[in-house]
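Engineer:
There are 2 protein chains.
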Amino acid sequence: MVIIKTLIVALGGNALIRPGERGTTKEMVDNLRSPIRQIAELSNEYNIIITHGNGPQVGNLLIQQEATKEVSKMPLEILVAETQGQIGFLIESTLDEELMRLGLDLKKYFLTVLTYVEVDPNDPRFKKPTKPIGPAYNEKHPGFVETSKGWKRVVASPKPKKIIQWKEIKKLMEDNFIVIACGGGGIPVVKEDTQFLGVEAVIDKDLASAKLGEQIDADILLIATDVEKVALNYGKSNETHLNKLSIAKASNYLNEGQFPPGSMGPKVEAVINFLQSGGERGIITSIDRIKDALKGKAGTEFYIKYKKED
Amino acid sequence: MVIIKTLIVALGGNALIRPGERGTTKEMVDNLRSPIRQIAELSNEYNIIITHGNGPQVGNLLIQQEATKEVSKMPLEILVAETQGQIGFLIESTLDEELMRLGLDLKKYFLTVLTYVEVDPNDPRFKKPTKPIGPAYNEKHPGFVETSKGWKRVVASPKPKKIIQWKEIKKLMEDNFIVIACGGGGIPVVKEDTQFLGVEAVIDKDLASAKLGEQIDADILLIATDVEKVALNYGKSNETHLNKLSIAKASNYLNEGQFPPGSMGPKVEAVINFLQSGGERGIITSIDRIKDALKGKAGTEFYIKYKKED
Numbered sequence: 498m499v500i501i502k503t504l505i506v507a508l509g510g511n512a513l514i515r516p517g518e519r520g521t522t523k524e525m526v527d528n529l530r531s532p533i534r535q536i537a538e539l540s541n542e543y544n545i546i547i548t549h550g551n552g553p554q555v556g557n558l559l560i561q562q563e564a565t566k567e568v569s570k571m572p573l574e575i576l577v578a579e580t581q582g583q584i585g586f587l588i589e590s591t592l593d594e595e596l597m598r599l600g601l602d603l604k605k606y607f608l609t610v611l612t613y614v615e616v617d618p619n620d621p622r623f624k625k626p627t628k629p630i631g632p633a634y635n636e637k638h639p640g641f642v643e644t645s646k647g648w649k650r651v652v653a654s655p656k657p658k659k660i661i662q663w664k665e666i667k668k669l670m671e672d673n674f675i676v677i678a679c680g681g682g683g684i685p686v687v688k689e690d691t692q693f694l695g696v697e698a699v700i701d702k703d704l705a706s707a708k709l710g711e712q713i714d715a716d717i718l719l720i721a722t723d724v725e726k727v728a729l730n731y732g733k734s735n736e737t738h739l740n741k742l743s744i745a746k747a748s749n750y751l752n753e754g755q756f757p758p759g760s761m762g763p764k765v766e767a768v769i770n771f772l773q774s775g776g777e778r779g780i781i782t783s784i785d786r787i788k789d790a791l792k793g794k795a796g797t798e799f800y801i802k803y804k805k806e807d
Numbered sequence: 498m499v500i501i502k503t504l505i506v507a508l509g510g511n512a513l514i515r516p517g518e519r520g521t522t523k524e525m526v527d528n529l530r531s532p533i534r535q536i537a538e539l540s541n542e543y544n545i546i547i548t549h550g551n552g553p554q555v556g557n558l559l560i561q562q563e564a565t566k567e568v569s570k571m572p573l574e575i576l577v578a579e580t581q582g583q584i585g586f587l588i589e590s591t592l593d594e595e596l597m598r599l600g601l602d603l604k605k606y607f608l609t610v611l612t613y614v615e616v617d618p619n620d621p622r623f624k625k626p627t628k629p630i631g632p633a634y635n636e637k638h639p640g641f642v643e644t645s646k647g648w649k650r651v652v653a654s655p656k657p658k659k660i661i662q663w664k665e666i667k668k669l670m671e672d673n674f675i676v677i678a679c680g681g682g683g684i685p686v687v688k689e690d691t692q693f694l695g696v697e698a699v700i701d702k703d704l705a706s707a708k709l710g711e712q713i714d715a716d717i718l719l720i721a722t723d724v725e726k727v728a729l730n731y732g733k734s735n736e737t738h739l740n741k742l743s744i745a746k747a748s749n750y751l752n753e754g755q756f757p758p759g760s761m762g763p764k765v766e767a768v769i770n771f772l773q774s775g776g777e778r779g780i781i782t783s784i785d786r787i788k789d790a791l792k793g794k795a796g797t798e799f800y801i802k803y804k805k806e807d
């Protein structure tokens with residue numbers, strides 16, 4: 498029996514909405530075409546889980562529900578659940594089309610699964626909310642932070658403790674499903690006795706992807722974003738692109754502030770977590786180079802141990 | 498090996514929002530408690546698929562997105578996808594809690610799966626849209642219909658031709674998953690060459706449930722609504738509640754107009770379809786009597802062949 502490796506591909510926000518776009522469904526599907534085509538082509542070689550962000554989408558839902566008092570507003574975690582349906586459908590139907598073109602749509606099992614993620618109510622990140630979301634206002638309100646667009650609500654981004662659907666997803670991997678999961682980092686919940694309570698927070702989708710990888714013993718975590726390689730001194734004259742990086746060095750660079758919190762930081766952190774918890778390969782690359790990066794021809798590959806190539 | 502029967506429970510809108518309620522998440526979860534508790538208790542006895550409606554919820558999303566021009570509006574099928582996430586999460590997390598109380602949450606596999614449903618672009622129902630949805634306006638617009646609340650957009654409700662995820666759901670049944678699927682009747686799509694195109698329509702969730710049952714060879718379709726039994730002359734002095742009903746008689750009553758289009762009609766039609774396509778049992782009952790109805794102690798049970806008890 499050939500053991501097929503399990504690959505998690507985490508699609509960043511730019512896989513859906515590019516700068517300057519409004520996020521229409523057509524734009525999102527067009528942007529998904531390249532990464533999803535590559536994933537379809539890889540589907541005989543790997544067991545694949547696709548995860549994705551939801552930043553602009555959940556922001557849009559917040560703007561819409563703030564715009565009217567006519568209907569009851571939903572708490573943030575429900576809006577995250579809504580984006581899992583919205584984006585999940587766009588990804589899955591695009592995947593379906595790409596598998597059809599390869600004659601694989603009827604041979605492959607694939608599903609989008611709702612995912613909720615337990616967080617720790619005592620996570621210190623609840624005390625220091627950092628994530629601005631939703632509509633921008635002209636004036637400050639309690640729990641708001643100033644952004645370049647105006648005052649925005651700020652929510653916590655606690656660490657994912659447990660992907661609740663991990664055992665189901667693991668089972669689906671054993672059955673060779675392609676699974677779309679952990680949308681938007683997952684619906685954040687805390688467990689109280691025998692109850693799940695949604696919380697006003699958003700979970701980083703890369704950290705959630707790494708946690709899922711740890712729970713189901715995935716082999717490869719590939720984070721697909723808008724740059725082909727991780728860089729040192731990003732945007733400066735001495736910008737250096739990295740082909741390979743040990744996680745020891747990555748941790749140092751992270752501590753030195755080489756990878757900013759809102760962008761490359763959590764991606765590098767996610768890859769470090771994944772490899773430290775037993776993952777085999779951790780890669781960061783652009784959404785157009787997924788296949789090349791898996792072959793070692795693109796992207797930044799992370800290693801646990803120091804390698805000569807570093 | 499014991500063969501476990503597959504049971505589809507279709508939860509009507511009132512399982513989520515009761516008359517006079519605004520549809521807050523607390524109301525929806527409170528309303529779901531009784532049917533979901535029964536389903537959890539039945540989960541060792543049957544393989545279960547839970548389907549559900551989304552009428553008020555998709556209407557609320559339409560109202561919200563009509564309320565602002567700030568963000569790009571989504572087509573109707575995307576809003577249906579959003580309600581699958583929203584309601585799926587409420588159902589699944591409630592099921593999770595009820596399984597926890599029974600000590601079954603870690604033993605059972607259960608998932609909410611995104612479902613899209615192919616419809617026929619030549620379905621005559623596209624020519625006569627009948628389903629009023631979304632916000633009510635004071636004046637008529639093209640494609641609008643007058644309702645008791647005002648002028649509303651009216652969309653078609655085509656017949657479900659194929660539940661696209663049927664083979665995945667069938668596989669999950671073989672693995673004894675509890676599955677939440679076909680939310681809101683499914684996301685309506687038409688297939689053109691190798692493309693899926695969403696359509697401006699809503700699919701009846703009971704007809705979609707029956708179609709899924711046909712495709713995966715389910716044994717039992719139980720439609721859970723707000724009345725305990727199907728009635729003849731409903732609301733009149735000679736109202737008669739039916740314990741059992743042959744599908745031949747049911748078809749006649751349907752043609753006579755005993756079961757109105759927007760309410761009992763499609764439920765009866767769905768049960769007829771399901772039994773004619775090989776289903777073993779078809780039941781309509783209230784959300785509080787699911788367990789009793791399966792034991793033959795409540796609800797209206799439909800039969801293919803004429804029985805003495807009729």
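Taken in sequence, the protein lines are chains A and B. Under the numbering used here, the letters of the first sequence match residues 498 to 807, in that order. Under the numbering used here, the letters of the second sequence match residues 498 to 807, in that order. Every residue, glycine too, gets a C-beta built ideally from N, C-alpha and C.
B/V499 to A/P572, Cα distance in whole Å?
Structural biologist: Looking up residue 499 of chain B in the second sequence gives position 2. Looking up residue 572 of chain A in the first sequence gives position 75. In a straight line, the C-alpha of B/V499 is about 43 Å away from that of A/P572.
Engineer: Please determine, among A/L694, A/V642, A/I720, the residue with the shortest C-alpha to C-alpha distance to A/I547.
Structural biologist: Here residue 547 of chain A is taken as the residue at index 50 of the first sequence, counted from 1. The shortest Cα separation from A/I547 among A/L694, A/V642, A/I720 belongs to A/I720.
Engineer: Just to confirm my understanding: we take A/K605, look at its own chain, exclude 5 residues before and 5 after, and list those with CB closer than 7 Å. What are they?
Structural biologist: Working through the first sequence from its first residue, we reach residue 605 of chain A at position 108. Hits under 7 Å: S540, L596, I675.
Engineer: Please confirm whether A/M597 has its beta-carbon closer than 7 Å to some beta-carbon of chain B.
Structural biologist: What you label residue 597 of chain A is simply residue 100 of the first sequence in a count that begins at 1. Yes - at least one Cβ of chain B is within 7 Å of the one on A/M597.
Engineer: So if I threshold CB-CB distances at 9 Å, which residues from the stretch 579–604 of chain B count as touching chain A?
Structural biologist: Under the 9 Å Cβ criterion, the stretch 579–604 of chain B contributes E579, T580, Q581, G582, Q583, I584, G585, F586, L587, E589, S590, T591, D593, E594, E595, M597, R598, D602, L603.
Engineer: For B/L791, tell me which candidate among B/E689, B/E542, B/L559 has the shortest Cα-Cα distance.
Structural biologist: Position 294 of the second sequence, counted from the start, is the residue given in the question as residue 791 of chain B. The shortest C-alpha separation from B/L791 is found at B/E542.
Engineer: Helix, strand or coil for A/K708, going by three-state DSSP, please let me know.
Structural biologist: Taking the first sequence and counting its residues from 1, one reaches residue 708 of chain A at position 211. Helix.
Engineer: Comparing C-alpha positions only, which one of A/E574, A/I660, A/L599, A/G556 sits nearest to A/R519?
Structural biologist: Stepping through the first sequence from its first residue, residue 519 of chain A is reached at position 22. With distances taken between Cα atoms, A/R519 lies closest to A/G556.
Engineer: Taking a cut of 9 Å between CB atoms, which residues from the stretch 762–792 of chain A lie near chain B?
Structural biologist: Listed in sequence order: no entries.
Engineer: Just mark A/G796 as buried or exposed, buried being the case when its beta carbon has 16 or more other beta carbons within 10 Å.
Structural biologist: For this step, residue 796 of chain A is matched to residue 299 along the first sequence. Flag for A/G796 reads buried.
Engineer: What are the start and end residues of each continuous alpha helix (DSSP H) run of 4 or more residues lying completely inside the stretch 753–800 of chain B, in chain order?
Structural biologist: Correct list: 761–773, 787–791.
Engineer: Considering B/E567, what are the terminal residues of the alpha helix (DSSP H) in which it resides?
Structural biologist: Reading the second sequence from its first residue, position 70 is the one you call residue 567 of chain B. Looking at the DSSP string, B/E567 is not in any alpha helix (DSSP H), and its letter there is neither H nor E.
Engineer: How long is the line joining the alpha carbons of B/D785 and A/I560, rounded to whole angstroms?
Structural biologist: In the second sequence, counting from the first residue as 1, residue 785 of chain B sits at position 288. In the first sequence, counting from the first residue as 1, residue 560 of chain A sits at position 63. Their Cα atoms are separated by approximately 37 Å.
Engineer: With 16 other CB atoms within 10 Å as the buried threshold, where does B/L603 fall?
Structural biologist: Residue numbering aside, residue 603 of chain B sits at position 106 when the second sequence is read from its first letter. Under this definition B/L603 is an exposed residue.
Engineer: Indicate whether the contact test is met: 3 or more Cβ pairs, each with one atom in the stretch 511–530 of chain A and one in the stretch 735–743 of chain A, closer than 8 Å.
Structural biologist: At 8 Å Cβ cutoff, the stretches do not touch.
Engineer: Of all the CB atoms in chain B, is at least one closer than 7 Å to the CB of A/D807?
Structural biologist: Within the first sequence, residue 807 of chain A is the residue found at index 310, counting from 1. Confidence at A/D807 is low in this model, with a pLDDT of 46, below 50, so the placement of that residue is unreliable and no value is reported for it.
Engineer: Is B/P487 helix, strand or coil when you go by DSSP?
Structural biologist: Outside the modelled stretch of chain B, which goes from 498 to 807, sits residue 487 of chain B, for which no answer is possible.
Engineer: Let me make sure I understand the geometry here. Which of B/G631, B/G647, B/K628 has the alpha-carbon closest to that of B/K637?
Structural biologist: Residue numbering aside, residue 637 of chain B sits at position 140 when the second sequence is read from its first letter. Of the candidates B/G631, B/G647, B/K628, the one whose C-alpha sits nearest the C-alpha of B/K637 is B/G647.
Engineer: So, for B/G459: in the same chain, excluding its five sequence neighbours on each side, which residues have a beta-carbon less than 7 Å away from its beta-carbon?
Structural biologist: Residue coverage of chain B in this structure runs from 498 to 807, which leaves residue 459 of chain B outside it and unanswerable.
Engineer: Rounded to the nearest angstrom, what separates A/I505 and B/E538 at their Cα positions?
Structural biologist: For the purposes of this step, residue 505 of chain A is identified with residue 8 of the first sequence, where counting begins at 1. For the purposes of this step, residue 538 of chain B is identified with residue 41 of the second sequence, where counting begins at 1. Looking at the two C-alpha atoms, the distance is approximately 35 Å.
Engineer: So, is B/P516 buried or exposed, given that buried needs 16 or more other C-beta atoms within 10 angstroms?
Structural biologist: One-based indexing of the second sequence puts residue 516 of chain B at position 19. So B/P516 ends up on the exposed side.
Engineer: Just the Cα atoms here: how many angstroms apart are B/E766 and B/A747?
Structural biologist: Residue numbering aside, residue 766 of chain B sits at position 269 when the second sequence is read from its first letter. Residue numbering aside, residue 747 of chain B sits at position 250 when the second sequence is read from its first letter. In a straight line, the C-alpha of B/E766 is about 8 Å away from that of B/A747.
Engineer: Within the 7 Å Cβ cut-off, does A/Y606 reach chain B?
Structural biologist: In the first sequence, the residue the question calls residue 606 of chain A occupies position 109. Chain B contact via Cβ: present.
Engineer: Between which two residues does the alpha helix (DSSP H) harbouring A/V579 extend?
Structural biologist: Stepping through the first sequence from its first residue, residue 579 of chain A is reached at position 82. Going by the sequence as given, residue 579 of chain A is Glu instead of Val. Here the alpha helix (DSSP H) through A/E579 covers 573–598.
Engineer: Assign B/N731 to one of three DSSP states: helix, strand, or coil.
Structural biologist: Here residue 731 of chain B refers to the residue found at position 234 of the second sequence. The displayed chain sequence assigns Tyr, not Asn, to residue 731 of chain B. DSSP places B/Y731 in coil when its eight states are reduced to three.
Engineer: Just the chain B side, please: which residues come within less than 7 Å of A/I560 by C-beta, in chain order?
Structural biologist: Locating residue 560 of chain A in the first sequence gives position 63, where the first residue counts as 1. Simply T565, E567, V568.
Engineer: Give every residue of the same chain whose Cβ lies closer than 8 Å to the Cβ of B/K804, excluding the five residues on either side of it in the sequence, and list them in chain order.
Structural biologist: As a working mapping, residue 804 of chain B is identified with position 307 in the second sequence. With a pLDDT of 47 at B/K804, under the threshold of 50, the predicted position of this residue should be treated as unreliable, and no value is reported.
Engineer: Can you list, in chain order, the residues of the stretch 515–528 of chain B whose Cβ is nearer than 8 Å to any Cβ on chain A?
Structural biologist: Going along the stretch 515–528 of chain B in chain order, one finds R519, G520, T521, T522 with a Cβ nearer than 8 Å to chain A.
Engineer: How would you list, in chain order, the residues of chain A whose beta-carbon sits under 7 Å from the beta-carbon of B/Q662?
Structural biologist: As a first step, residue 662 of chain B is located in the second sequence; it is residue number 165 there, counting from the start. Those are L608, listed as they occur along chain A.
Engineer: Taking the alpha-carbon of B/G759 as reference, which of B/E665, B/I630, B/N673 has the nearest alpha-carbon?
Structural biologist: What you label residue 759 of chain B is simply residue 262 of the second sequence in a count that begins at 1. Nearest C-alpha to B/G759: B/I630.
Engineer: Taking 8 Å as the cut-off, does the stretch 648–667 of chain A touch the stretch 649–668 of chain B (at least 3 CB pairs, one atom from each stretch)?
Structural biologist: No: fewer than three Cβ pairs fall under 8 Å.
Engineer: What are the boundary residues of the beta strand (DSSP E) that B/Q692 is part of?
Structural biologist: On the second sequence, residue 692 of chain B is found 195 positions in, with the first residue counted as 1. 692–695 is the extent of the beta strand (DSSP E) around B/Q692.
Engineer: Look at the alpha carbon of A/E589 and the alpha carbon of A/K628, and state the distance between them as a whole number of angstroms.
Structural biologist: For the purposes of this step, residue 589 of chain A is taken as the residue at position 92 of the first sequence. For the purposes of this step, residue 628 of chain A is taken as the residue at position 131 of the first sequence. Going from the Cα of A/E589 to the Cα of A/K628 covers about 28 Å.
Engineer: Looking only at its own chain, which residues have a Cβ that is under 7 Å from the Cβ of A/R534, when we skip the five neighbours before and after it?
Structural biologist: Numbered from 1 along the first sequence, position 37 holds the residue referred to as residue 534 of chain A. Within the same chain, A/R534 has close Cβ partners E595.
Engineer: How about A/R622 and A/A653: are their beta carbons less than 7 Å apart?
Structural biologist: In the first sequence, counting from the first residue as 1, residue 622 of chain A sits at position 125. In the first sequence, counting from the first residue as 1, residue 653 of chain A sits at position 156. Yes, the Cβ-Cβ distance between A/R622 and A/A653 is below 7 Å.
Engineer: Under the rule that 16 or more other beta-carbon atoms within 10 Å means buried, what is B/K733, buried or exposed?
Structural biologist: By 1-based counting over the second sequence, the position of residue 733 of chain B is 236. Its Cβ having fewer than 16 others within 10 Å, B/K733 is exposed.
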